[in-house]
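These notes are about the structure you will find just below.
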Amino acid sequence: MPTELKGANELRKALKKFSPDLDKATRDEMVGFLKPIVKLARGFLPSNSDAPSGFVKHEVKTAKFPMYDASEARRGIGYKLTPTKPNRQGWSSTVSIHNKTAAGAIVETAGRKSGISGNFTPRFSGQFAGRGKMQGRAMFKAYDQDQGKAKAAVIKALEKAAAKFNGSK
Amino acid sequence: MAELRIPIIVENKGKKALGDVDKGVKGLSKSFKKLAGAAGIGLSTAAVIKFGKAAAKAFIADEKAASRLAMSVKNLGLGFETPRIERYISELSAMSGITDDQLRPAMQRLLQTTGSVTKSQELLNQAIDISRGSGVDYETVVNDLSSAYVGNTKGLKKYGLGLSQAELKTMSFADVQSKFAATFKGSNAAYLDTYAGKFELINTAVGEASEKIGGALVESLVSAFAAGDPEEFVAKIEGLATKLADMVATAVFGFKKLYYLTSDAAILASLNPFDDYENQVMRIIDSQEKAFKASFNRIKMGYLGSMPIGIYSGAGDDAARKKAEADAARRQKELAATQTKSLAEQKKKLALDRASKTLNLEAIGIEAALKGKISETDRISLLLQKAILEGNATLATQLSDQLEAATKRNAALTAALLATPEAPNPYRNWMPPNMGSALGLEDLRGRSNAVPNFNVPDMGVGGSLGLEDLRGRSAAVPQINIVVELDGQTVGGAIREGQINDSLSGSFNQVNRGQGFKGAVAL
Numbered sequence: 116m117p118t119e120l121k122g123a124n125e126l127r128k129a130l131k132k133f134s135p136d137l138d139k140a141t142r143d144e145m146v147g148f149l150k151p152i153v154k155l156a157r158g159f160l161p162s163n164s165d166a167p168s169g170f171v172k173h174e175v176k177t178a179k180f181p182m183y184d185a186s187e188a189r190r191g192i193g194y195k196l197t198p199t200k201p202n203r204q205g206w207s208s209t210v211s212i213h214n215k216t217a218a219g220a221i222v223e224t225a226g227r228k229s230g231i232s233g234n235f236t237p238r239f240s241g242q243f244a245g246r247g248k249m250q251g252r253a254m255f256k257a258y259d260q261d262q263g264k265a266k267a268a269v270i271k272a273l274e275k276a277a278a279k280f281n282g283s284k
Numbered sequence: 198m199a200e201l202r203i204p205i206i207v208e209n210k211g212k213k214a215l216g217d218v219d220k221g222v223k224g225l226s227k228s229f230k231k232l233a234g235a236a237g238i239g240l241s242t243a244a245v246i247k248f249g250k251a252a253a254k255a256f257i258a259d260e261k262a263a264s265r266l267a268m269s270v271k272n273l274g275l276g277f278e279t280p281r282i283e284r285y286i287s288e289l290s291a292m293s294g295i296t297d298d299q300l301r302p303a304m305q306r307l308l309q310t311t312g313s314v315t316k317s318q319e320l321l322n323q324a325i326d327i328s329r330g331s332g333v334d335y336e337t338v339v340n341d342l343s344s345a346y347v348g349n350t351k352g353l354k355k356y357g358l359g360l361s362q363a364e365l366k367t368m369s370f371a372d373v374q375s376k377f378a379a380t381f382k383g384s385n386a387a388y389l390d391t392y393a394g395k396f397e398l399i400n401t402a403v404g405e406a407s408e409k410i411g412g413a414l415v416e417s418l419v420s421a422f423a424a425g426d427p428e429e430f431v432a433k434i435e436g437l438a439t440k441l442a443d444m445v446a447t448a449v450f451g452f453k454k455l456y457y458l459t460s461d462a463a464i465l466a467s468l469n470p471f472d473d474y475e476n477q478v479m480r481i482i483d484s485q486e487k488a489f490k491a492s493f494n495r496i497k498m499g500y501l502g503s504m505p506i507g508i509y510s511g512a513g514d515d516a517a518r519k520k521a522e523a524d525a526a527r528r529q530k531e532l533a534a535t536q537t538k539s540l541a542e543q544k545k546k547l548a549l550d551r552a553s554k555t556l557n558l559e560a561i562g563i564e565a566a567l568k569g570k571i572s573e574t575d576r577i578s579l580l581l582q583k584a585i586l587e588g589n590a591t592l593a594t595q596l597s598d599q600l601e602a603a604t605k606r607n608a609a610l611t612a613a614l615l616a617t618p619e620a621p622n623p624y625r626n627w628m629p630p631n632m633g634s635a636l637g638l639e640d641l642r643g644r645s646n647a648v649p650n651f652n653v654p655d656m657g658v659g660g661s662l663g664l665e666d667l668r669g670r671s672a673a674v675p676q677i678n679i680v681v682e683l684d685g686q687t688v689g690g691a692i693r694e695g696q697i698n699d700s701l702s703g704s705f706n707q708v709n710r711g712q713g714f715k716g717a718v719a720l
C-alpha cells in the first residue's frame, strides 16, 4: 500500500526553488534506495530466448498484440521522483516505480487473474510474488522482496529534508 | 493498461484541484471554440455568426469601459497619460490573468482617489496579489484599498492581517501597504504556477483576442458599407431593411395575384369578353398591398397627405403636460422644504449635543460630591469615576488599587470593632471610704447606710455684703434697686419722647400699639 505524505509535492517544489543542493542530496538519497529495486525488477524479466517465441519481437507482424523485446522491456522499468498527474480521485504519486512498456506489463501480470493455464502463460518462467493488484513477476516481485525497506527509507529521506529545510529558514 | 506503477509516496490533491483543472479545460475549450469560430474552422455558419455577435458585444463593452476611463483621466487633467495607462492595463492583463474589463474600472477608481497614475499602478499591482492571496474578489480589494487610501480602514478587517480595529484605525496608508506586502506578496505568481492559474491566463488571452476580432468585425462592417461613418451605416441598415420588407411584400402579393389569375374563375372570365374579373382582382390586391405597405411603413411624425401626424398635440395633451410639469415643480419644492427642515433639525440636534458635551452633568456631579464631607472610600470611588470619565487609564488603575486597599482596611476595621469585648464598669471595684473616724463619729462604724453630715462651708458672700445674719437662712433674697438713665432721663421717658417726635415728623405712630390697637396711623 502506498503511504500518503502530505505536503511532499510542495516540499519538493520548495527544495528545488530555494535549496537546490538539499534537493539534489535528497534526490540522490532516494535514488539510492529505489535503484536496487529497479535493478532487481529488470533482472526478473525473461531474456528474449526465455520468453514465448511468438511473443518475442519478430518480422512478421501479428495483429496489434505487443511484441516483447527484453532490452526494451528492461528500459521500461524505472523510477519517478516527480509528482504524477492526479487521478480522478485526486491522488498523485510523488515517488513511484513503473513498468512502462506494454510487453513488460504483460510479462508482469499475464495469468494473474485467469491463472497459469493455456498455451501462453505457462511459458513464462518467473513465479508471481505479492498479493492482489500488487502481484507480479518483475517489478511487483522486486518490490515485494524489498519488504518495504525502500519505502521507509524514502519517507525518512523526505522527512529529513523537510526538517533541514525548515531548520535553515 | 500500458503502464504499471507502484506508488511509494502519494498525496491527495483533492477533487477540487481536479475540478479546477476540469473547469479550466472546459473554459479553455469554449474559448478556443469561439476563436476557431472566428476563423471559421470546423464550425457551422450559425456558430460563426453567433461568435461574431458575442465578439462584437465584448468589443463594444470593452470600448465603453475604455472610453469611460479615458474621460475620467481627461477630467483629472491627465489626458496625455491615456495611452500609457492603456498599454499598462493590457500588459498587466496578459501577465496576471485579470481581464482588462476588471482592470479598467479598478484603475479609474484608483485614479479618482489618488490622482496619481504611478500610485494607481502600484495599488493595481498590489491588489492582484491581495486578491489572489486572500480569495477576495479583485473589485472589492481595489475598493478597500482606495477607501484605506483616504483613511477608511474599516474594510481591511476581512483580510486577516492580524491587526485589531483600533490598530488599523491608527495606521497610516503606507503602513497598511507594507503590511499587505508582507502578507500577500508573491501570491499571484504562486497562483499562476498552478494549473488553474495557467488556464486563467490563457483564457484571458483568448478573450482579449476575441475582443479584437469583434472590434475588427464592427470596424470592417462600418467601413465596407458606409466608408467608416457609423451613423451612415445605421441609416443604410434602416434603408436596407425597409427595402427588404417592401420586396417581401411585393413578392407575397405577386404570388397572390398569380394565384387568382390562374384560378378557374379567371380562366372562365377570360373567355367572356364582358367579364372584368382579372382587372377587379388586380385592383383589390393592389389596394391590399398598398394598405399593408402603408401600415408597415407607417409615418410616425409628419404628414399623411394633408393630415399632420404626431406633430401637433391636442389641448388635452398640453394640459396634461402642464399639470405634470407643475406637479414635478411642486414636488421639487416640497422636497427642498423637507430637506431644509431636516437640515435645521440636524443643526439643532448638533448644537444640543455640543452643549450637552460642554455641560457634562456627570462630571459636575462628581466634582460637587468631592467637595462634601465624605469617607475615604467614597472619595477614592468618586475620583476613580472621574478618571474613567476623563479616560485617564493610568490614574484609574492607581485609584482602583487604592480603592481596593481602602475597602480592605474598612473591612478589617469593622471586623476588629466587632471582635472588641464590651468595656467593663470602671467603678465596679470601688468601695465607699470609711468617713466616720475622719469626722469623729466612731459610733457609725458598721452602719453602712449612714450618710455623713456635711456643713455648708462659708463662702464669704454674706460677709462682703454686710449680711452676717444670712448664714443658715437660704430662703431670704436681698432686694437691690438699679436705676438706668439715658441722657439724664429714665429709659422709659426717653423712649416715649422719641416716639412722640417721630409722630410729629410724619413717621408712623407707634403710640398705644402695645395696648390692643392694631395697625398704625400716619399723622
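Chains as they are written, first to last, in this note's numbering: chain A, 116 to 284; chain B, 198 to 720.
All residues carry an ideal CB built from backbone N, CA and C; glycine is no exception.
Using three-state DSSP, classify Gly-251/A as helix, strand or coil. By one-based count along the first sequence, residue 251/A stands at place 136. In this structure, Gly-251/A counts as strand in the three-state DSSP scheme.
Contacts around Gly-294/B, its chain only, beta-carbon distance under 7 Å, and the 5 residues preceding and following it disregarded: Counting from one through the second sequence, the residue named residue 294/B turns up at place 97. Cβ neighbours of Gly-294/B beyond the five flanking positions: Leu-389, Gly-394, Glu-397, Leu-398, Thr-401.
DSSP state of Asn-214/A mapped onto helix, strand, coil: Against the first sequence, residue 214/A aligns to sequence position 99. Note: Asn-214/A maps to strand in three-state DSSP.
Mark Gly-233/A as exposed unless 16 or more other C-beta atoms lie within 10 angstroms of its C-beta, in which case mark it buried. For this step, residue 233/A is matched to residue 118 along the first sequence. So Gly-233/A counts as exposed.
DSSP state of Tyr-624/B mapped onto helix, strand, coil: Position 427 of the second sequence, counted from the start, is the residue given in the question as residue 624/B. In this structure, Tyr-624/B counts as coil in the three-state DSSP scheme.
Given this structure, state the Cα-to-Cα distance separating Ala-220/A from Pro-201/A, to the nearest angstrom. Along the first sequence, read from residue 1 onward, the residue named residue 220/A stands at position 105. Along the first sequence, read from residue 1 onward, the residue named residue 201/A stands at position 86. The alpha-carbon separation between Ala-220/A and Pro-201/A amounts to approximately 21 Å.
Do the stretch 159-172 of chain A and the stretch 239-246 of chain A touch if we need at least three Cβ pairs shorter than 8 Å? Contact between the stretch 159-172 of chain A and the stretch 239-246 of chain A is present, because at least three Cβ pairs lie under 8 Å.
Range of the contiguous alpha helix (DSSP H) that encloses Tyr-194/A: Here residue 194/A refers to the residue found at position 79 when the first sequence is read from its first residue. According to the DSSP assignment, Tyr-194/A belongs to no alpha helix (DSSP H) but to the beta strand (DSSP E) extending over 192-195.
Checking 9 Å against the spacing of the C-beta atoms, do Thr-380/B and Tyr-356/B come in under that value? One-based indexing of the second sequence puts residue 380/B at position 183. One-based indexing of the second sequence puts residue 356/B at position 159. Yes, they are a contact pair.
Whole alpha helix (DSSP H) elements within the stretch 298-331 of chain B, 4-residue minimum: List check, alpha helix (DSSP H) in window: 314-331.
Take Lys-256/A as the anchor and find which of Ala-244/A, Pro-181/A, Lys-131/A, Phe-180/A has the nearest alpha-carbon. Working through the first sequence from its first residue, we reach residue 256/A at position 141. Of the listed residues, the one whose Cα sits closest to Lys-256/A is Ala-244/A.
Can you tell which of Ser-539/B, Arg-284/B, Ser-290/B, Asp-297/B has its C-alpha closest to the C-alpha of Lys-261/B? In the second sequence, the residue the question calls residue 261/B occupies position 64. The candidate whose alpha carbon is nearest that of Lys-261/B is Asp-297/B.
Interface residues of chain E facing Ile-270/A [CB-CB closer than 9 Å]: Of the chains in the structure shown, none is chain E; the protein chains are A and B.
Can you tell me whether DSSP reads Pro-237/A as helix, strand or coil? Here the question's residue 237/A lines up with position 122 in the first sequence. In the structure shown, Pro-237/A sits in a helix (DSSP, three-state: H, G or I).
Interfacial residues, the stretch 367-387 of chain B to chain A, with Cβ spacing under 8 Å: Listed in sequence order: no entries.
Partner residues on chain B for Tyr-258/A, Cβ-Cβ distance less than 9 Å: On the first sequence, residue 258/A is found 143 positions in, with the first residue counted as 1. Within 9 Å Cβ-Cβ: Ile-203, Ile-205.
Local conformation of Gln-686/B per DSSP, three classes: What you label residue 686/B is simply residue 489 of the second sequence in a count that begins at 1. Three-state DSSP puts Gln-686/B in a strand.
For Gly-251/A, count neighbouring Cβ atoms within 10 angstroms of its own Cβ and tell me buried if that reaches 16, exposed if not. Locating residue 251/A in the first sequence gives position 136, counting from the first residue. Counting Cβ neighbours within 10 Å, Gly-251/A comes out buried, since at least 16 surround it.
Taking a cut of 8 Å between CB atoms, which residues from the stretch 196-216 of chain A lie near chain B? Contact annotation: in the stretch 196-216 of chain A, residues whose CB is within less than 8 Å of a CB in chain B are Pro-198, Thr-199, Pro-201, Arg-203, Gln-204, Gly-205, Trp-206, Ser-207, Ser-208, Thr-209, Val-210, Ser-211, Ile-212, His-213, Asn-214, Lys-215, Thr-216.
Secondary structure of Asn-349/B, DSSP reduced to three states: Numbered from its first residue, the second sequence carries residue 349/B at position 152. In the structure shown, Asn-349/B sits in coil (DSSP, three-state: anything other than H, G, I, E or B).
Got a sec, what are the start and stop residues for the alpha helix (DSSP H) Val-207/B sits in? What you label residue 207/B is simply residue 10 of the second sequence in a count that begins at 1. For Val-207/B, no alpha helix (DSSP H) run applies; the uninterrupted beta strand (DSSP E) run containing it begins and ends at 201-209, by DSSP.
Among the residues of its own chain, which have a CB less than 6 Å from the CB of Ile-238/B, if the five just before and after it don't count? Position 41 of the second sequence holds residue 238/B. Reliability fails at Ile-238/B, whose pLDDT of 44 lies under 50, so the model's placement of it is uncertain and the value that follows must be treated cautiously. Sequence-distant Cβ neighbours of Ile-238/B in its own chain, meaning closer than 6 Å and more than five residues away, do not exist here.
Local conformation of Ala-286/A per DSSP, three classes: Only positions 116 to 284 of chain A appear in the structure, and residue 286/A is not among them; the question remains open.
Return no unless some Cβ of chain A is closer than 9 Å to the Cβ of Lys-210/B. For this step, residue 210/B is matched to residue 13 along the second sequence. Chain A, which has a Cβ nearer than 9 Å to the Cβ of Lys-210/B, makes this yes.
Just to confirm, is the Cβ distance from Ile-212/A to Leu-120/A under 9 Å? As a position in the first sequence, residue 212/A is number 97, starting the count at 1. As a position in the first sequence, residue 120/A is number 5, starting the count at 1. Taking 9 Å as the cut-off, the beta carbon of Ile-212/A is found no closer than this to the beta carbon of Leu-120/A.
Interface partners of Glu-200/B on chain A, CB under 8 Å: Along the second sequence, one-based indexing puts residue 200/B at 3. His-213, Asn-214, Lys-215, Ala-220, listed in chain order.
Straight-line gap, Val-658/B to Leu-614/B (C-alpha atoms, nearest Å): As a working note, residue 658/B is residue 461 in the second sequence. As a working note, residue 614/B is residue 417 in the second sequence. The predicted position of Val-658/B is uncertain, since its pLDDT is 49 and thus under 50; a value taken from the coordinates is nonetheless stated next. Approximately 53 Å between the Cα atoms of the pair.
C-alpha distance - Ala-446/B paired with Tyr-457/B, whole-angstrom precision: For the purposes of this step, residue 446/B is taken as residue 249 along the second sequence, with counting starting at 1. For the purposes of this step, residue 457/B is taken as residue 260 along the second sequence, with counting starting at 1. Cα to Cα, Ala-446/B sits roughly 17 Å from Tyr-457/B.
Does any CB atom of chain B fall closer than 9 Å to the CB of Glu-187/A? As a position in the first sequence, residue 187/A is number 72, starting the count at 1. Under the 9 Å criterion on CB atoms, Glu-187/A is classed as non-interfacial with respect to chain B.
Can we count Glu-559/B as close to the ligand ATP, meaning its CB is less than 8 Å from some heavy atom? In the structure on display, the ligand ATP does not appear, and there are no ligands present to speak of.
Considering only the alpha carbon of each residue, which of Ser-186/A, Pro-117/A, Arg-203/A, Leu-126/A lies closest to Lys-154/A? Translated into positions along the first sequence, residue 154/A becomes position 39. Among Ser-186/A, Pro-117/A, Arg-203/A, Leu-126/A, the Cα nearest to that of Lys-154/A is on Ser-186/A.
Given Phe-489/B, which residues of its chain have a CB within under 8 Å of its CB, disregarding the five upstream and five downstream residues? Taking the second sequence and counting its residues from 1, one reaches residue 489/B at position 292. Apart from sequence neighbours up to five positions away, the residues of its chain that approach Phe-489/B with a beta-carbon distance below 8 Å are Ala-446, Phe-450, ordered along the chain.
Is there contact between the stretch 282-291 of chain B and the stretch 300-318 of chain B, where contact requires at least three CB pairs shorter than 8 Å? Contact between the stretch 282-291 of chain B and the stretch 300-318 of chain B is established, with three or more Cβ pairs separated by less than 8 Å.
Proximal residues to Val-175/A (C-beta, below 6 Å), its chain only, five neighbours per side dropped: Indexing the first sequence from 1 puts residue 175/A at position 60. Taken in chain order, the list of residues that qualify is empty.
Quick one, which residues of the stretch 159-180 of chain A are near chain B if we go by CB-CB under 7 Å, in chain order? Here the close residues number zero.
Taking the alpha-carbon positions, what's the Gln-299/B to Thr-310/B distance? The sequence position of residue 299/B within the second sequence is 102, counting from 1. The sequence position of residue 310/B within the second sequence is 113, counting from 1. Cα atoms of Gln-299/B and Thr-310/B: separation of roughly 17 Å, rounded to the nearest angstrom.
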